[in-house]
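Novice:
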Amino acid sequence: MNQEKKEVTILMPCLNESGTIKVCIERAKKLLKEHNIDGEIIISDNGSTDGSQTIAEKAGARVLDCPIKGYGAALQYGIEQAKGKFILMGDSDDSYHFDEAFPMIEMLRNKFDLCMGSRLKGDIKPGAMPLLNRYVGTPFITFMGKLLFKTEQSDFNCGLRAFKKDKILQLNLVTAGMEYASEMIIKAKLSGLKVSELPINFYKDGRGRAPHMQRWRDGWRHLRFLLLHAPGYLFMLPGALLFFTGLIILLLLLRGSFKIRGVEFDVHTMLTAAFMVIIGVQTFFMGIYAKLYVYTRGILPYSKRIIAILAKLSLEKLLVAAIILAILGMAGFLSAFWTWYKVDFKALDYAVTMRTIIPSLTLIAMAILFVFNGFMLSLLFLKTKYAGIMFE
95 MNQEKKEVTI
105 LMPCLNESGT
115 IKVCIERAKK
125 LLKEHNIDGE
135 IIISDNGSTD
145 GSQTIAEKAG
155 ARVLDCPIKG
165 YGAALQYGIE
175 QAKGKFILMG
185 DSDDSYHFDE
195 AFPMIEMLRN
205 KFDLCMGSRL
215 KGDIKPGAMP
225 LLNRYVGTPF
235 ITFMGKLLFK
245 TEQSDFNCGL
255 RAFKKDKILQ
265 LNLVTAGMEY
275 ASEMIIKAKL
285 SGLKVSELPI
295 NFYKDGRGRA
305 PHMQRWRDGW
315 RHLRFLLLHA
325 PGYLFMLPGA
335 LLFFTGLIIL
345 LLLLRGSFKI
355 RGVEFDVHTM
365 LTAAFMVIIG
375 VQTFFMGIYA
385 KLYVYTRGIL
395 PYSKRIIAIL
405 AKLSLEKLLV
415 AAIILAILGM
425 AGFLSAFWTW
435 YKVDFKALDY
445 AVTMRTIIPS
455 LTLIAMAILF
465 VFNGFMLSLL
475 FLKTKYAGIM
485 FE
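Under this note's numbering, the residue at position 297 of the sequence shown is numbered 391, and the numbers go up by one with no gaps.
Have a look at this one:
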């Protein structure tokens, strides 16, 4: 195989784009010729059955047969096979005009690692983007990216991008579907890559059929990916909120019922608060497991600070905490039992006894959770080596 290096590879994923693939290649060739760029054009085909491969080869592109289905898989396969130092990627439906993308290549020459196109800051031609995608879907996914990962891009889903091949390969991108676009931005941010953004023109695609993208399915896959890669927001923050909210309510109700604007809160509310505390504790532990998973599997760049904190959650410390909680809980429970015994096991005033039993059982439940989660964490830490840190 010819390993001759190029400056730029123009990469297009393709699945049955016979109606537009030729014009896309012509635009790519125009870009290379007008700006005297030493480059190549790659079509990463994903199983076309309409002759797109033959058309692309005749137009002068190098065609790759990607063995794995999916938008992300086709792009990753093309990136791995590319000869270019820089890669300009875009769809092969003529919605992006490659001959207008030279400023993005210049951004890479000016020391940026990734240059994102922005349709929302550029010119969206009539009929190019459905209104729901333009004003709801894309802005929402972009907002979630900014909220969860502090990204600065204005268009998370834009498919026209230029980047340095070696930098993107270092990100270890793994998704095969449309969420590949989100994964690239997230990992680029977390890895500290230099990212820029330029407004672009977005044209109505030239295909004579429905697009491959399915709005709700692919939108959900993007959102799901964002949430799964932010365990702090998905698990730990809700867990902490549930725990502290429930704890505050429990403490307030220990002294007796109270009213707020005529609404009375009593032991029924205390029972709900206890439920919140227990669910909050377990949800927080799930967040710890998720953090360890994404770090040890290399899904996200690790945080030495967070790993150091998690490493301090030893089984022994959690067992000591569990013993203390269990003693306090059993003391309260036995106190309530003694009260029952003194009246010969007859009916009690539930509003009084439940005020003792509920927090006592909550402490016992927390003790049990600490024990089993302590063993689970110890199992995950056992001989797990990641980034030079050994958990034992």
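Built from N, CA and C at the ideal position, the CB exists for glycine as well.
Under DSSP, the beta strand (DSSP E) around M364 begins and ends at which residues?
Specialist: Unbroken run through M364 is the alpha helix (DSSP H), 361-390; no beta strand (DSSP E).
Novice: Are the region 344-355 and the region 315-335 touching, with three or more C-beta to C-beta distances below 8 Å?
Specialist: Contact fails: fewer than three Cβ-Cβ distances are below 8 Å.
Novice: Give the straight-line distance between the Cα atoms of K177 and E200, rounded to the nearest whole angstrom.
Specialist: For K177 and E200, the distance between alpha carbons rounds to 18 Å.
Novice: Using 10 angstroms around the beta-carbon of K477, count the other beta-carbons present and answer buried if the total reaches 16, otherwise exposed.
Specialist: Since pLDDT at K477 reaches only 49, below the 50 mark, its modelled position is unreliable, and no value is offered.
Novice: Quick one: residues in its chain with C-beta nearer than 6 Å to the C-beta of A459, no 5 flanking neighbours on either side, listed in chain order?
Specialist: The answer, listed in chain order, is I372.
Novice: Our contact map puts T561 next to F329 with C-beta atoms below 8 Å; I'd like the distance itself, whole angstroms only.
Specialist: Residue 561 cannot be examined here, being either before or after the span of the chain that is shown, 95 to 486.
Novice: What do you reckon, are the CB atoms on L320 and S276 nearer than 9 Å?
Specialist: Yes, they are a contact pair.
Novice: According to DSSP, is I162 helix, strand or coil?
Specialist: Reduced to three states, the DSSP call for I162 is coil.
Novice: So if DSSP puts K100 in a beta bridge, which residue, or which two residues, is it bridged to?
Specialist: In the DSSP output, where bridge partners are listed per residue, K100 has G178.
Novice: Have a look at F485 and E410 and give me their C-alpha separation to the nearest angstrom.
Specialist: Unreliable placement is indicated for F485, whose pLDDT of 46 sits below 50; the coordinate value is still reported in the next sentence. Rounded to the nearest angstrom, the two C-alpha atoms are 14 Å apart.
Novice: Please go through the same chain and pick out, in chain order, the residues whose beta-carbon is closer than 8 Å to the beta-carbon of K259, but skip the five residues on each side of it.
Specialist: So the list reads T103, I173, A176, G178, K179, F180, I181, once near-sequence residues are dropped.
Novice: Residues bridged to V289 by DSSP?
Specialist: Note: V289 sits in a beta bridge opposite L208.
Novice: Do G300 and D187 have their C-beta atoms within less than 9 Å of each other?
Specialist: Yes, these two residues count as a Cβ contact at 9 Å.
Novice: Can you tell me whether DSSP reads P107 as helix, strand or coil?
Specialist: If DSSP states are grouped into helix, strand and coil, P107 belongs with the strands.
Novice: Classify F250 as helix, strand or coil using the three-state DSSP reduction.
Specialist: In this structure, F250 counts as coil in the three-state DSSP scheme.
Novice: Is DSSP giving M223 helix, strand or coil here?
Specialist: Coil, per DSSP.
Novice: Let me know if D249 comes out buried or exposed under the rule of 16 or more other beta-carbons within 10 Å of its beta-carbon.
Specialist: Per the 10 Å Cβ criterion, buried.
Novice: Note down the Cα distance separating L413 from L463, rounded to an integer number of angstroms.
Specialist: Taking the straight line joining both Cα atoms gives about 10 Å.
Novice: Do I294 and L254 come within 9 Å of each other at the CB atom, strictly closer than that value?
Specialist: Contact: yes.
Novice: According to DSSP, simplified to helix, strand and coil, what is S490?
Specialist: Lying outside 95 to 486, the shown extent of the chain, residue 490 is not represented and no answer is given.
Novice: State the start and end residues of the unbroken alpha helix (DSSP H) segment that holds S454.
Specialist: 444-475 is the span of the alpha helix (DSSP H), which, as asked, contains S454.
Novice: So what's F329 in DSSP terms, helix, strand or just coil?
Specialist: It is helical.
Novice: Taking the alpha-carbon of L317 as reference, which of I280, L473, E291 has the nearest alpha-carbon?
Specialist: Closest option to L317, Cα to Cα, is I280.
Novice: With a CB to CB cut of under 8 Å and the five nearest residues on each side skipped, what residues in its chain are close to Q158?
Specialist: Just to set this straight, residue 158 is Leu in the shown sequence, not Gln. I136, I137, S138, D139, Y171, G172, Q175.
Novice: Shortest alpha-carbon distance to R449 belongs to which of G468, S285, G423, V465?
Specialist: That would be G423, whose Cα lies nearest to the Cα of R449.
Novice: Which of the three DSSP states is assigned to G426 in this structure?
Specialist: Helix at G426.
Novice: Check whether the region 436-448 and the region 355-365 are in contact - that is, three or more C-beta pairs closer than 8 Å.
Specialist: Verdict: yes, contact present.
Novice: Is G133 helix, strand or coil by DSSP?
Specialist: Looking at G133 - three-state DSSP - the assignment turns out to be strand.
Novice: Distance, Cα to Cα, I235 vs L225?
Specialist: So the alpha carbons of these two residues sit roughly 15 Å apart.
Novice: Along the alpha helix (DSSP H) that carries A275, what are the first and last residues, could you check?
Specialist: First-last of the alpha helix (DSSP H) with A275: 274-284.
Novice: Measure from the C-beta of S290 to each C-beta in chain C and report whether the shortest distance is under 9 Å.
Specialist: No chain C is part of this structure, which consists of one protein chain only.
Novice: Could you give the DSSP three-state label for I294: helix, strand or coil?
Specialist: DSSP places I294 in strand when its eight states are reduced to three.
Novice: Any idea what DSSP makes of K353, helix, strand or coil?
Specialist: Note: K353 maps to strand in three-state DSSP.
Novice: Please classify K124: does DSSP put it in a helix, a strand, or coil?
Specialist: Residue state, collapsed to three classes: helix.
Novice: Which residue's Cα is closest to the Cα of Y383: G286, G468, H191?
Specialist: If we check each option's Cα against that of Y383, G468 comes out closest.
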